[in-house]
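Below: one structure, written as structure tokens.
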Amino acid sequence: MHDTRRHAPFSPTTAAHRAAAPRARALRAIGSTRPVALVERGPELRALNRCLQDVAAGTGALAIVEAPAGHGKSALLDVVERRTRDAGWTVCRTGHAPDDRSCAFGLLRGLLDAAGAAVPEASPPAAIAALPTGGALPPDIDASAVASAVHSFVRTLAEQRSLALIVDDGHHADDASLAVLAALARRAPDLPLLIVIASRPGPASAAADVLGSFAGARGLVALEPGRLSEDASAELVRSWIADATEETCARTHAAAGGDPWLTTELCRQIHRHGPTILDAPVERLRLSRPGRLTIRRRLAELPDDGRRTADALAVLGGEGDHHDLAAIAGLPVQTLGPVHATLEAAGLCDGGWRFVHPLVEAGVLEQIGAADRERLHRAAAQVLLGRNAPERRVAGHFLHAGPAGDGDVSAALRKAATDATADGALVEAASYIERALDERAPGEDRAGLLTELGTLAFHAGLPDVRPRLHEALAATDDDGARVEVLGRLAALQVIDPREDSLELLEEAVASDAPPEVRLAAEIAQLDSLILFPDRGAERARRTLALDPSTIDDDVLRRSVLAHHAWLGAETGDLDAPAVLRLAHAALEGGTLVRHAAHRAAYHLATRVLIAAGDDRGAARAIGRLRAEATECGSPRLAAAAGWYAAELALRRGDLAAAEREATGALDAVQGLNGVSAGVLELLVEALVDRGEHGLATDLLAEHEQLWSGDSGWEIGVRHARARLLLATGDYRAAEDEAHEAGRLRVAQGRPNPAWTGWRATLALALAHQGRFEEAIAVADEEVELARRFGAAHALGRALHARAVSEQDHEARAALARAALDEVPDPGALVRARLQIVLGDALVRWGARVEAREPLRSAFESTDRLGAATDAAEARRILVASGLRPRTSAVSGVASLTPRQRQICDLVAAGRSNRAIAQELFLSIKTVETHLATSYQKLAVSGRRELAGLLDGSAVESDDDALAVA
1 MHDTRRHAPF SPTTAAHRAA APRARALRAI GSTRPVALVE RGPELRALNR
51 CLQDVAAGTG ALAIVEAPAG HGKSALLDVV ERRTRDAGWT VCRTGHAPDD
101 RSCAFGLLRG LLDAAGAAVP EASPPAAIAA LPTGGALPPD IDASAVASAV
151 HSFVRTLAEQ RSLALIVDDG HHADDASLAV LAALARRAPD LPLLIVIASR
201 PGPASAAADV LGSFAGARGL VALEPGRLSE DASAELVRSW IADATEETCA
251 RTHAAAGGDP WLTTELCRQI HRHGPTILDA PVERLRLSRP GRLTIRRRLA
301 ELPDDGRRTA DALAVLGGEG DHHDLAAIAG LPVQTLGPVH ATLEAAGLCD
351 GGWRFVHPLV EAGVLEQIGA ADRERLHRAA AQVLLGRNAP ERRVAGHFLH
401 AGPAGDGDVS AALRKAATDA TADGALVEAA SYIERALDER APGEDRAGLL
451 TELGTLAFHA GLPDVRPRLH EALAATDDDG ARVEVLGRLA ALQVIDPRED
501 SLELLEEAVA SDAPPEVRLA AEIAQLDSLI LFPDRGAERA RRTLALDPST
551 IDDDVLRRSV LAHHAWLGAE TGDLDAPAVL RLAHAALEGG TLVRHAAHRA
601 AYHLATRVLI AAGDDRGAAR AIGRLRAEAT ECGSPRLAAA AGWYAAELAL
651 RRGDLAAAER EATGALDAVQ GLNGVSAGVL ELLVEALVDR GEHGLATDLL
701 AEHEQLWSGD SGWEIGVRHA RARLLLATGD YRAAEDEAHE AGRLRVAQGR
751 PNPAWTGWRA TLALALAHQG RFEEAIAVAD EEVELARRFG AAHALGRALH
801 ARAVSEQDHE ARAALARAAL DEVPDPGALV RARLQIVLGD ALVRWGARVE
851 AREPLRSAFE STDRLGAATD AAEARRILVA SGLRPRTSAV SGVASLTPRQ
901 RQICDLVAAG RSNRAIAQEL FLSIKTVETH LATSYQKLAV SGRRELAGLL
951 DGSAVESDDD ALAVA
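Residue numbers for the sequence shown follow UniProt numbering, beginning at 1 and rising by one.
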């Protein structure tokens, strides 16, 4: 049979075929509708199609499809079966399992059973009916007689209609059956008979040599489907993900090595999780249902030593030394050579001792029972420990093995934790300490382990570890250790206050412990009480009762100084210079920053610097905190530093920096707590000031839990929401929200407008409703409080609200001018808003020329700062004054917010919206909103235009942004 032979159309030649012709249906060419699984299988499909045409012409055809697991052999057989059934042929198909190799005539009986089901009226001869149902070939069976009977029976079937014998997994077939089929192929070339056998190449000891069994058969067509080319892989990927980028296609091809099954499985994973799944660790991978079934079947086909080795390899991490594998699997090392050949033939391993892909490793792991997995992990740990493998590799296995009270295990886990901490892998380190605690080895320093765990958990931002810290406090009598644990508890209280820990701290204060322990507990309790608004008066009383000058311990003395500074700034009872002196005294020498992880003092003093207007001092303190976070590898301290940096940038009017810092901190911080709420407040305010009202609304909706409760940390977010409502024109709702934020702040004991300018926001909401007298009363109170404290930003904000509340244009202009004189540097944005109020009042009063200079300055400032709403207002009034403003100096790519630019860059790199959402921990809706806004700003209609624009993006600006009309 030659590939170049031309064939006549389907025309049965025998009498039997002529009789059956009316029942036959047209034979469609294989490949006319190609399934996705058969990408780049054109040569194989054409060869099989010629075999079908030969049979249709009345002659026999034989095809052997030999390829490794996963190369689409069964898919080719599926097409052959479907086409022949559609054409009305008699089709007999059977498949085999490894055990069938030892069952004489098992394959033959399977085919004959299929024939009996297809043609019930056909009765096989006695020689076939007498075949054994299992076991070896009996000596009284005449194989040649069986072959003759089979030939006769097959001829009878084939003369009625074309016959297809299809064998899957032929490498599991018994030799006796293969010999009969080979004889049949040689003796019946004139029959309309098609024999197609799919087989896997493999070691001779484990699989039948199918191709060798049929050597010499006339017209044998040997097909060897190979690996996919890169173009074919790309075609397959895009059949699943239509908009897949070239990078995604290339990476998928490289990861799968052209293996069709693995490429298809990766396509399923990318379709579900996005391209980032290509970089996911094995613990995040989970095969699709078809993928799991495939791995389960391949494992079931392995001999016992193959399965044990595969399990050991999966537990060892998908790659290992053959000596380690032998020891873990409990096999002689010399047996692993044939075992590896079996695993490679099954498509599980590549040329070395490793799985072909982490997905296969994940699939094998999933098939190991819990008890077996624990046993294997313990064996792996002991083997690796015995040959001095790296501590973290050993400890990783102990994590999956139950405790046994073994001191060596506990020591290995502590060493691994130390190593992981040095690398900044704090979550990993905490898991080792947690496991060491479970081991309960004799003589272990349990209190030390518990305290270490608390430290790691705080830095890593892990879920609550208070029960462990409570246990540590009860487990130690050492005063220093107790002070350390109390500090950890207090640090967690500042982030997420709990009544049980507060009670524990109160017990420590009231105990008969040494004075330094009780003082440490008292300060820790002060840290905790900050987020208990109903106990604000108590905290104030207890703070004032502590005299820093009488405290010898340097850290405790500076902590008390920080609390005095915080209390004075909270209430406004001390002015800005006074609280700044206290805060600087607390921070002097850099002692407190080293305790930032377990005391509130450094954080309190830093925020006092920001509120009181010492921008340079605050920037230095934030920088030190960042350095400490880096040294400790602490995402939680890094998030706190980002929070304070965002607050400082927002007060300065640097909106881009505020949004960038707040976005980074919000991404880093985990859970619902004071840090995430504080960061959310600042991010919403930055978006409001930039005119990104839709994004701010979506952000609040996404994080509703942070502002809709009564935790104490929601107050600032509610005020940010009031500002958003004010900016969008919902003045009555803004009034209600600002009033509620104010009520909560006053109840908290924090009336100073340097923290939350709720009265200014309320006054603006009232003024916009035409309720000027009410607005003036509220604004006057804000001005008085802000002036008493003396922080420029708060006073400038209050004076702005007071000027807006004035109905008379001349008086409003006078108030705005006086405010600019009184507070020359309230922050760039506040100053620009005062200039807009002044310019607007002057234009309305008729002094159009005089209004231009403050308006010009306000326009340039707000435009440069990215405050879109204020810039638009300044531009509108400038037009009314007779000036013609040109296009904004900030446009195009430069007009994007940091988050929008980040998303656009990822889109340009080929990421899908789902993948971007997963990578940035956002909802898909938020990504879509950012993207829609970005398209509008950049005047592009789709992803391709966006990518082209970003490739050559440049910002153009005019030095002269205004021209006289």
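Note that beta-carbon positions come from the ideal geometry of N, C-alpha and C, so glycine has one too.
query, result
"First and last residue of the uninterrupted beta strand (DSSP E) at residue 220", "220–223"
"Counted within 10 angstroms of its Cβ, other Cβ atoms place residue 948 as buried (16 or more) or exposed", "exposed"
"Beta-carbon proximity check, residue 47 vs residue 67, cutoff 8 Å", "no"
"Close-in-space but distant-in-sequence residues of the same chain around residue 576 (CB under 7 Å, 5 per side omitted)", "612, 613, 789, 790 and 791"
"Residue 860: first and last residue of the uninterrupted alpha helix (DSSP H) it sits in", "848–865"
"With 16 other Cβ atoms within 10 Å as the buried cut-off, status of residue 593", "buried"
"Per-residue DSSP class, three states only, for residue 276", "helix"
"Cutoff 7 Å; reference residue 645; Cβ partners in own chain excluding five residues on either side", "622 and 661"
"Residue 945, buried or exposed, once every other Cβ within 10 Å from all chains shown has been counted against 16", "exposed"
"Of the listed residues 120, 59 and 209, nearest to residue 193 (C-alpha basis)", "59"
"Rounded distance between the beta-carbons of residue 454 and residue 987, thought under 8 Å", "Beyond the ends of the chain as shown, which are 1 and 965, falls residue 987; an answer cannot be given."
"Residue 747 vs residue 763 beta-carbon contact at 8 Å", "no"
"Touch test, the region 184–199 against the region 72–86, Cβ-Cβ under 8 Å, three pairs minimum", "yes"
"Through-space distance from residue 167 to residue 148, alpha-carbon basis", "20 Å"
"Backbone CA spacing between residue 714 and residue 677 [nearest angstrom]", "6 Å"
"Inside the region 520–549 only - alpha helix (DSSP H) runs reaching at least 4 residues", "536–544"
"CA nearest to the CA of residue 570, picked from 586, 597, 551 and 610", "610"
"Contact set for residue 731: own chain, Cβ-Cβ below 7 Å, skip 5 residues either direction", "765, 768 and 769"
"Of the listed residues 402, 853, 157 and 210, nearest to residue 169 (C-alpha basis)", "210"
"Secondary structure of residue 103, DSSP reduced to three states", "coil"
"Residue range of the unbroken alpha helix (DSSP H) whose run includes residue 798", "792–804"
"Given residue 110 as reference, the closest of 744, 668 and 92 once Cα atoms are compared", "92"
"Residues that residue 197 bridges to, as DSSP identifies them", "64 and 167"
"Nearest neighbour of residue 380, chosen from 329, 278, 522 and 555 [CA to CA]", "329"
"Residue 828 to residue 882 span [Cα, whole Å]", "25 Å"
"Neighbour-count burial assignment, residue 624, 16 or more Cβ in a 10 Å radius", "buried"
"First and last residue of the uninterrupted alpha helix (DSSP H) at residue 281", "Here residue 281 belongs to no alpha helix (DSSP H), and DSSP marks it neither H nor E."
"Residues that DSSP places opposite residue 319 in a beta bridge", "354"
"Delimiting residues of the beta strand (DSSP E) encompassing residue 967", "Look at the range of the chain in this structure, 1 to 965, and you will see that residue 967 is not part of it."
"Beta-carbon proximity of residue 364 to residue 311, cut-off 8 Å", "yes"
"Span of the beta strand (DSSP E), counted from its first residue to its last, around residue 92", "90–94"
"Three-pair Cβ contact test at 8 Å for the region 908–916 versus the region 680–694", "no"
"Endpoints, alpha helix (DSSP H) assigned at residue 451", "446–460"
"Selection from 232, 460 and 359 that minimises the alpha carbon distance to residue 38", "232"
"Exposure of residue 533, with buried meaning 16 or more beta-carbon neighbours within 10 Å", "buried"
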